[in-house]
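Engineer: Quick mapping for you: the protein sequence lines, in order, are chains V and F. According to the numbering used here, the first sequence is numbered sequentially starting from 96. According to the numbering used here, the second sequence is numbered sequentially starting from 19. Idealized CB from N, CA, C, for every residue including glycine. Structure in structure tokens, see below.
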Amino acid sequence: DIQMTQSPSSLSASVGDRVTITCRASQTIDNYLNWYQHKPGKAPKLLIFGASTLHSGVPSRFSGSGSGTEFTLTISRLQPEDFTTYFCQQSYSSPFTFGQGTKLDIK
Amino acid sequence: EVQLVESGGGLVQPGGSLRLSCAASGFTFSSYWMYWVRQAPGKGLEWVSRINSDGTSRSYADSVKGRFTVSRDNAKNTLYLQMNGLRAEDTAVYHCANVDITSREASDIWGQGTMVTVSS
Chain V
96 DIQMTQSPSS LSASVGDRVT ITCRASQTID NYLNWYQHKP GKAPKLLIFG
146 ASTLHSGVPS RFSGSGSGTE FTLTISRLQP EDFTTYFCQQ SYSSPFTFGQ
196 GTKLDIK
Chain F
19 EVQLVESGGG LVQPGGSLRL SCAASGFTFS SYWMYWVRQA PGKGLEWVSR
69 INSDGTSRSY ADSVKGRFTV SRDNAKNTLY LQMNGLRAED TAVYHCANVD
119 ITSREASDIW GQGTMVTVSS
């Protein structure tokens, strides 16, 4: 099984800051890497698919990069609504594992 | 409106069974592969199962293999998860989601989830 290691597990930042979250795969997953935002009690929301493609309707302050085993999600100019939890997921092979999540809170 | 709505969760004793449903609307359900994903209290997301568009191919996480069965009824636009032999560690919110094979198999439609609690 492919293990996804996401870091950091938590992050404190201020409105307007730029933050980066990293996801590492235990073996190559090409660019089958997706990023989701998940607010408590809500449905997860797709941000980035294929490692770097912004999903329709997602603000351009979100960006993704990487290929193979190392991937990053960057949020530039944090907005108040961005303070929540983010997950990566590999869709390369079953089981389609998620990272442990990164909780982003206001400093 | 494009949406997925889960139902069927509740409180069940260890060893018991539940069947979850996921009703789809606003998109061509029969064209999409589908996932079940769960989140235990205080934990991250865990992939549970996937089914292809016509229901002939299914896969499961090791943690549920042999106990859970995914199925679908495309005429009713509904996805199901039959859960047998439930354990305390199956306690979670269960979400259904689509699989978009044109977007590196990402999921851009999710339900809000249904809570399953396994406890005596």
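Let's test the definition: count the other Cβ atoms within 10 Å of the Cβ of V/I143 and tell me whether it reaches 16, buried, or not, exposed.
Structural biologist: One-based indexing of the first sequence puts residue 143 of chain V at position 48. Buried.
Engineer: Work out the CA separation of F/F47 and V/Y172 for me, nearest whole Å.
Structural biologist: To locate residue 172 of chain V, count along the first sequence from 1; it is residue 77. To locate residue 47 of chain F, count along the second sequence from 1; it is residue 29. According to the sequence as given, residue 172 of chain V is Arg; it is not Tyr. One C-alpha to the other measures close to 37 Å.
Engineer: How many Å lie between V/F193 and V/V110 at the Cα?
Structural biologist: By one-based count along the first sequence, residue 193 of chain V stands at place 98. By one-based count along the first sequence, residue 110 of chain V stands at place 15. Their backbone Cα atoms lie some 27 Å apart in a straight line.
Engineer: Could you give the uninterrupted runs of the alpha helix (DSSP H) lying entirely in the segment 56-113 of chain F, keeping only those of 4 residues or more?
Structural biologist: Whole alpha helix (DSSP H) segments, 4+ residues: zero.
Engineer: Can you round the beta-carbon distance between V/I170 and V/R113 to whole angstroms, since I take them to be within the 8 Å contact cut?
Structural biologist: As a working mapping, residue 170 of chain V is identified with position 75 in the first sequence. As a working mapping, residue 113 of chain V is identified with position 18 in the first sequence. Yes, V/I170 and V/R113 are in contact; Cβ-Cβ is about 7 Å, under 8 Å.
Engineer: Can at least three beta-carbon pairs, one atom from the segment 32-40 of chain F and one from the segment 124-135 of chain V, be found at a separation below 8 Å?
Structural biologist: No: fewer than three Cβ pairs fall under 8 Å.
Engineer: Beta-carbon within less than 6 Å of V/S107's beta-carbon, same chain only, minus the 5 sequence neighbours each way: which residues are those?
Structural biologist: On the first sequence, residue 107 of chain V is found 12 positions in, with the first residue counted as 1. Excluding residues within five positions, the ones whose Cβ falls inside 6 Å are D200, K202.
Engineer: Hey, could you find the ends of the beta strand (DSSP E) V/T115 is sitting in?
Structural biologist: Taking the first sequence and counting its residues from 1, one reaches residue 115 of chain V at position 20. Per DSSP, V/T115 belongs to the beta strand (DSSP E) from 114-120.
Engineer: Would F/S62 pass as a contact of V/G196 if the rule is Cβ separation under 9 Å?
Structural biologist: As a working mapping, residue 62 of chain F is identified with position 44 in the second sequence. As a working mapping, residue 196 of chain V is identified with position 101 in the first sequence. The residue asked about is misnamed: residue 62 of chain F is Gly in this sequence, not Ser. Yes.
Engineer: Which residues mark the beginning and the end of the beta strand (DSSP E) in which V/D200 is found?
Structural biologist: Along the first sequence, one-based indexing puts residue 200 of chain V at 105. V/D200 -> beta strand (DSSP E) spans 197-201.
Engineer: Where does V/D96 fall in DSSP's three states?
Structural biologist: Here residue 96 of chain V corresponds to residue number 1 of the first sequence, with the count starting at 1. Note: V/D96 maps to coil in three-state DSSP.
Engineer: Rounding to the nearest angstrom, what Cα-Cα distance links F/C114 and F/V88 in this structure?
Structural biologist: Within the second sequence, the letter at position 96 stands for residue 114 of chain F. Within the second sequence, the letter at position 70 stands for residue 88 of chain F. Their Cα atoms are separated by approximately 11 Å.
Engineer: Report all residues from its chain with a CB closer than 6 Å to the CB of V/Q219; omit the five preceding and five following residues, and keep chain order.
Structural biologist: Lying before the first or after the last residue shown, residue 219 of chain V is absent from chain V, which here runs from 96 to 202.
Engineer: I want to verify the contact list: residues of chain V whose CB lies under 8 Å from the CB of F/G62, in sequence order.
Structural biologist: Here residue 62 of chain F refers to the residue found at position 44 of the second sequence. Result: F182, F193, G194, Q195, G196.
Engineer: Looking only at its own chain, which residues have a Cβ that is under 6 Å from the Cβ of F/N102, when we skip the five neighbours before and after it?
Structural biologist: The residue labelled residue 102 of chain F in the question sits at position 84 within the second sequence. Excluding sequence neighbours, F/N102 sits near S35, R85.
Engineer: Beta-carbon of V/L128 versus every beta-carbon of chain B: anything under 9 Å?
Structural biologist: No chain B appears in this structure, whose protein chains are V and F.
Engineer: Does V/P139 pass the burial test, meaning 16 or more other C-beta atoms within 10 Å, or should it be called exposed?
Structural biologist: On the first sequence, residue 139 of chain V is found 44 positions in, with the first residue counted as 1. It is buried - the Cβ of V/P139 has at least 16 other Cβ atoms within 10 Å.
Engineer: Short check: CB of F/N92 to CB of F/S71, under 9 Å?
Structural biologist: As a working mapping, residue 92 of chain F is identified with position 74 in the second sequence. As a working mapping, residue 71 of chain F is identified with position 53 in the second sequence. Yes, the Cβ-Cβ distance between F/N92 and F/S71 is below 9 Å.
Engineer: Taking 9 Å as the threshold (C-beta atoms), are F/L97 and F/A42 in contact?
Structural biologist: Sequence index remark: in the second sequence, residue 42 of chain F carries index 24 (1-based). Sequence index remark: in the second sequence, residue 97 of chain F carries index 79 (1-based). A contact, by the Cβ cut-off of 9 Å.
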